[in-house]
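Residues 45 to 240 in my numbering are what the sequence shown spells out, letter by letter.
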Amino acid sequence: MPDETQTTRDTDTIRRILAGDVNAFEIIIDNYKNFIFSIVQRHVPPELVEDTAQEAFIRIYKALPGLDHESRFRQWMASITIRTCYDTMRTYYRSREISMTALAGDGEHAVENRLTEQARAAFRNDCNVNETKAMLSRALDQLTPENRILIELIYLEGYSIKEAASILGWSTANVKIRAYRSRQQMNKILKHHLEA
């Protein structure tokens, strides 16, 4: 639950901004930059974090006149930020090139790790965890950007169907259907990886 004092300060700051005090938006940035960056870092590659966070703040500023409940300001900003991440990832997926070395995986590291007995033991201990993470990452990469963000919100970040629908601006029925189809797609992808 948001702190009432912070909510009151946010309400006052928002009123100042809407009244024409553009510089008051710096207060919002200072108060919420860590919050926005933490959301962005979970949804976009590291090289896109700074630009995506900046774009999120621009969108938040432009959307302020449409804010109807200052008490839900933090959730409202999170929703805009996640949509910004979605747009960034959609553009990123369209323009991304995959290098041949990326397709080869961590073969070089595996060879190096096997050179000593200690490295072999460490490799065996971490192997299952790393392989699972790599498989999950590859499977998520094969989903559409909107389905990837949906899966991340529900299954990796623990948002409910209703919360995810609110954040993404979709109906709960649409979220349920997309989540079901995305799970089915992930199962097929993971099964294919396991068989290969």
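All residues carry an ideal CB built from backbone N, CA and C; glycine is no exception.
query: How about A208 and L197: are their beta carbons less than 7 angstroms apart?
result: Locating residue 208 in the sequence shown gives position 164, where the first residue counts as 1. Locating residue 197 in the sequence shown gives position 153, where the first residue counts as 1. Contact: yes.
task: Quick one: using the 10 Å Cβ neighbour count with 16 as the cut-off for buried, is F79 buried or exposed?
output: Position 35 of the sequence shown, counted from the first residue, corresponds to residue 79. The residue in question, F79, is exposed, as its Cβ has fewer than 16 Cβ neighbours within 10 Å.
- prompt: Using the rule of at least 16 other Cβ atoms within 10 Å of the residue's Cβ for burial, across every protein chain shown, is L62 buried or exposed?
  reply: Here residue 62 is taken as the residue at index 18 of the sequence shown, counted from 1. That one is exposed.
field: G202 versus R86, A178, F101, M133, residue with shortest Cα-Cα distance
entry: Within the sequence shown, numbered from 1, the residue matching residue 202 stands at position 158. When each option's Cα is compared against that of G202, the closest is R86.
When I195, I58, Q186, M179 are compared against L238, the one with the closest alpha-carbon: Numbered from 1 along the sequence shown, position 194 holds the residue referred to as residue 238. Out of I195, I58, Q186, M179, M179 has the C-alpha closest to the C-alpha of L238.
message: Spatial neighbours of E48 within its chain, please: C-beta separation below 8 angstroms, excluding the five flanking residues on both sides.
response: Stepping through the sequence shown from its first residue, residue 48 is reached at position 4. For E48, where only same-chain residues beyond five positions count, there are no Cβ hits under 8 angstroms.
query: How about the region 114-122 and the region 52-61: do they share at least three Cβ pairs that are nearer than 8 angstroms?
result: yes
message: Assuming the contact rule is C-beta atoms closer than 8 angstroms, L234 and I126 should be a hit. Round their C-beta distance to whole Å, please.
response: Residue numbering aside, residue 234 sits at position 190 when the sequence shown is read from its first letter. Residue numbering aside, residue 126 sits at position 82 when the sequence shown is read from its first letter. Not confirmed; about 25 angstroms, so no contact.
message: Check for me: the alpha helix (DSSP H) holding E239 runs from which residue to which?
response: Translated into the one-based positions of the sequence shown, residue 239 becomes position 195. Taken as a continuous stretch (DSSP letters only), the alpha helix (DSSP H) holding E239 covers 216-239.
query: Per DSSP, what kind of secondary structure is Y130 in: helix, strand or coil?
result: Here residue 130 refers to the residue found at position 86 when the sequence shown is read from its first residue. DSSP places Y130 in helix when its eight states are reduced to three.
field: Classification of Y76 by the beta-carbon crowding that lies within 10 angstroms, buried from 16 upward
entry: The count along the sequence shown starts at 1 and reaches residue 76 at position 32. By the 10 Å Cβ count, Y76 comes out buried.
field: Contacts around M230, its chain only, beta-carbon distance under 6 angstroms, and the 5 residues preceding and following it disregarded
entry: Residue numbering aside, residue 230 sits at position 186 when the sequence shown is read from its first letter. Only A183 meet the Cβ criterion.
field: A146 (DSSP reduced to helix, strand or coil)
entry: Against the sequence shown, residue 146 aligns to sequence position 102. For A146, the predicted structure reports a pLDDT of 49, less than 50, and the residue's modelled location is therefore unreliable. The matter cannot be settled from this model.
query: Could you give the distance in angstroms between the alpha-carbon of Y130 and the alpha-carbon of R60?
result: By one-based count along the sequence shown, residue 130 stands at place 86. By one-based count along the sequence shown, residue 60 stands at place 16. Cα to Cα, Y130 sits roughly 30 angstroms from R60.
message: Which same chain residues end up closer than 7 angstroms to R134 when comparing Cβ atoms and leaving out the 5 residues on each side of it in sequence?
response: Stepping through the sequence shown from its first residue, residue 134 is reached at position 90. Counting only Cβ-Cβ distances below 7 angstroms, and skipping sequence neighbours, we find P189.
- request: Leaving out five residues on either side along the sequence, give the residues of the same chain with a beta carbon under 7 angstroms from the beta carbon of M144.
  value: The count along the sequence shown starts at 1 and reaches residue 144 at position 100. Bear in mind that the predicted position of M144 carries a pLDDT of just 46, short of 50, making it too unreliable to give a figure here.
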